[in-house]
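*Asks:* Residue numbers for the sequence shown, in the UniProt record's numbering: 1 to 364. Glycine residues also receive a C-beta, built at the ideal position from the N, C-alpha and C atoms. Sharing a structure, written as structure tokens. Questions coming.
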Amino acid sequence: MGLISEYLSAALRQARYKPSEGGFIEASVPGLSGVMVRGRTFEECRERLQDELELYLARTLLAHEALPEIPGASGALQALALEIHPSASLVEQTILQTARTILEEVRLLRRGGGSPEKPRTPEARRPSLRISEYVQEGGLGLQPAHNGLSEAEEKIFERVSSFLGERYSSLEGLYQKLKAATQKNGGEFQYSLASLSQQDIGTNTQLCTLLKEGGLLKSYTYSSKQRRIYGRLSDDSKTRSLLTGGWLERYARQVVQLTLRRRNIPHDLLLNPVLLYPNGDRFEVDLLLRTPQLFLLLECKTGGYEENLERHQRIAADLRIPAKQVLYLLLGVPETVLDELSRQWGFTFVNEKTLPERLERLLG
């Protein structure tokens, strides 16, 4: 790898991505002042960051300025930039200034601030990672999900999903009560905390407070004397959908996104899309993921799953993916059972604890 390619690759590995206003993703590189881009998807954001880094590197080298040190990149390029000094020749200085001006015009164009007088030579297009294109190539259609949630509802649903997923071992008993309450008229439930540690009591009451503040509970009280929770669910389909399994799908998406961002892997990721068959059949799936090396179907189950296995064998064949790329997340199921299921069906079975490690293994 050349010096410039090595520096760019190291900078991309150090990139940091975070949510921004308006549903955008924002990317920057620690130590590189002024290098910051935004995009609507992770893939778009990463491509823009690479373009911005190339411009930053070109401007810095042309100015013979020191390049910031980047972990993983040698200092040879920084030294080279400082060793070669601008010529005193007026002609060469003019050429240098012209190059700088062109770079600034290109940067302005990419930020939407102007247009060049002459059309630019089209750049080679990177291979598409769109899931819809892959599905259509196999003769199927794809319908994105429309959950009808407001921005405030999205935020609280994401918080609840993260809280449950990260602390499920302490919340399992309460969650089963909440799930059962979704099937009752009135949605009332009680849960005794008498056998729990003080730390787990705090975790359970914290979840109820979060649900109440987010409008998912109509009422909630905790009797410290009885060590018992009393509550009533909100009577709406969104609350029922979240508590019967939607939260696990969202938590799985969070784990997948975090893993991909940490490794700077470009991707397309869809939650709850519907596969459309030519004969009119429609199958909603939980998560679809596409990276340059992998197409993955991820299914999340908080309860019964046996009746879905044969259907997902068919879907895997229709999507032209091997069985191991069907990732089945079964809540609270012991690893010994997961291993046996994997041997029987060929799918990759995981629980909420083993999901990150098995996902890393699939990504290679």
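On the three-state DSSP scale, how would you describe residue 225?
*Replies:* Taking the sequence shown and counting its residues from 1, one reaches residue 225 at position 225. Correct three-state label for residue 225: coil.
*Asks:* Per the contact definition of three or more C-beta pairs closer than 8 Å, is the stretch 251-270 in contact with the stretch 284-294?
*Replies:* Contact holds: three or more Cβ-Cβ distances are below 8 Å.
*Asks:* Between which two residues does the alpha helix (DSSP H) containing residue 42 stretch?
*Replies:* Stepping through the sequence shown from its first residue, residue 42 is reached at position 42. Unbroken alpha helix (DSSP H) run through residue 42: 42-62.
*Asks:* Thinking C-beta only, is residue 16 closer than 8 Å to residue 72?
*Replies:* To locate residue 72, count along the sequence shown from 1; it is residue 72. To locate residue 16, count along the sequence shown from 1; it is residue 16. Not in contact: residue 72 and residue 16 (Cβ atoms no closer than 8 Å).
*Asks:* Would you mind stating whether residue 35 and residue 53 have Cβ atoms separated by less than 8 Å?
*Replies:* For the purposes of this step, residue 35 is identified with residue 35 of the sequence shown, where counting begins at 1. For the purposes of this step, residue 53 is identified with residue 53 of the sequence shown, where counting begins at 1. Yes, the Cβ-Cβ distance between residue 35 and residue 53 is below 8 Å.
*Asks:* Within a Cβ cutoff of 8 Å, which residues of the same chain sit near residue 31, ignoring the five residues on either side of it in sequence?
*Replies:* As a position in the sequence shown, residue 31 is number 31, starting the count at 1. Same-chain partners within the cutoff: 14, 68, 69 and 70.
*Asks:* With burial defined as no fewer than 16 other Cβ atoms inside 10 Å of the residue's Cβ, what is the status of residue 146: buried or exposed?
*Replies:* To locate residue 146, count along the sequence shown from 1; it is residue 146. Burial call: exposed.
*Asks:* What is the DSSP secondary structure of residue 353, counted as helix, strand or coil?
*Replies:* Position 353 of the sequence shown, counting from 1, holds the residue named residue 353. Coil at residue 353, not helix or strand.
*Asks:* Run the CB neighbour count on residue 242, radius 10 Å, all protein chains shown included, and call it buried at 16 or more, exposed below.
*Replies:* Translated into the one-based positions of the sequence shown, residue 242 becomes position 242. Residue 242 is buried by the Cβ-count criterion.
*Asks:* At which residue ranges does the stretch 300-332 contain complete alpha helix (DSSP H) runs of 4 or more residues, listed in the order of the chain?
*Replies:* Listed in chain order, the complete alpha helix (DSSP H) runs (minimum 4 residues) inside the stretch 300-332 are 309-318.
*Asks:* Within its chain, find whatever has a CB closer than 7 Å to the CB of residue 162; leave out the 5 residues flanking it on each side and keep chain order.
*Replies:* In the sequence shown, residue 162 corresponds to position 162, counting from 1. These residues qualify, in order along the chain: 251 and 254.
*Asks:* Are the beta-carbon atoms belonging to residue 298 and residue 338 less than 8 Å from one another?
*Replies:* In the sequence shown, the residue the question calls residue 298 occupies position 298. In the sequence shown, the residue the question calls residue 338 occupies position 338. No.
*Asks:* Assuming residue 25 is part of the alpha helix (DSSP H), what are its boundary residues?
*Replies:* Counting from one through the sequence shown, the residue named residue 25 turns up at place 25. Looking at the DSSP string, residue 25 is not in any alpha helix (DSSP H); the run it does join, the beta strand (DSSP E), is 25-28.
*Asks:* What residue does the beta strand (DSSP E) around residue 192 start on, and which one ends it?
*Replies:* Translated into the one-based positions of the sequence shown, residue 192 becomes position 192. Residue 192 -> beta strand (DSSP E) spans 188-192.
*Asks:* Suppose the cutoff is 8 Å on Cβ atoms and the five residues either side in sequence are ignored; what does the same chain contact list for residue 129 look like?
*Replies:* Sequence index remark: in the sequence shown, residue 129 carries index 129 (1-based). Excluding positions up to five away in sequence, the list reads 43, 266, 267, 268, 290, 291 and 292.
*Asks:* Quick check: what's the CA-CA separation for residue 271 versus residue 153?
*Replies:* By one-based count along the sequence shown, residue 271 stands at place 271. By one-based count along the sequence shown, residue 153 stands at place 153. Roughly 16 Å between the two C-alpha positions.
*Asks:* Could you give the first and the last residue of the continuous beta strand (DSSP E) run that contains residue 17?
*Replies:* In the sequence shown, the residue the question calls residue 17 occupies position 17. From DSSP, the beta strand (DSSP E) with residue 17 extends over 16-19.
*Asks:* For residue 231, which of 359, 208 and 238 has the nearest alpha-carbon?
*Replies:* Mapped onto the sequence shown, residue 231 falls at position 231. Nearest of 359, 208 and 238 to residue 231, Cα basis: 208.
*Asks:* Along the chain, where does the alpha helix (DSSP H) containing residue 200 start, and where does it finish?
*Replies:* Residue 200 sits at position 200 when you count from the first residue of the sequence shown. Where residue 200 is concerned, the enclosing alpha helix (DSSP H) stretches over 198-213.
*Asks:* Locate the alpha helix (DSSP H) running through residue 257, then write down its first and last residues.
*Replies:* For the purposes of this step, residue 257 is identified with residue 257 of the sequence shown, where counting begins at 1. Residues 247-262.
*Asks:* Taking the DSSP output, what are the residues bridged to residue 38?
*Replies:* Taking the sequence shown and counting its residues from 1, the one referred to as residue 38 is at position 38. Paired residues: 26.
*Asks:* Could you check which residue in 325, 307 and 303 has the C-alpha nearest to that of residue 287?
*Replies:* Taking the sequence shown and counting its residues from 1, the one referred to as residue 287 is at position 287. For the residues 325, 307 and 303, the minimum Cα distance to residue 287 belongs to 325.
*Asks:* For my contact list, residue 315 and residue 285 are in at a C-beta cut-off of 8 Å; report their separation, rounded to the angstrom.
*Replies:* Indexing the sequence shown from 1 puts residue 315 at position 315. Indexing the sequence shown from 1 puts residue 285 at position 285. Sure, about 7 Å apart at Cβ, within 8 Å.
*Asks:* What are the partner residues of residue 231, as DSSP defines its beta bridges?
*Replies:* For the purposes of this step, residue 231 is identified with residue 231 of the sequence shown, where counting begins at 1. BP columns for residue 231 point to 189 and 220.
*Asks:* Straight-line CA distance for residue 340 to residue 361?
*Replies:* Working through the sequence shown from its first residue, we reach residue 340 at position 340. Working through the sequence shown from its first residue, we reach residue 361 at position 361. Each residue's alpha carbon lies about 18 Å from the other.
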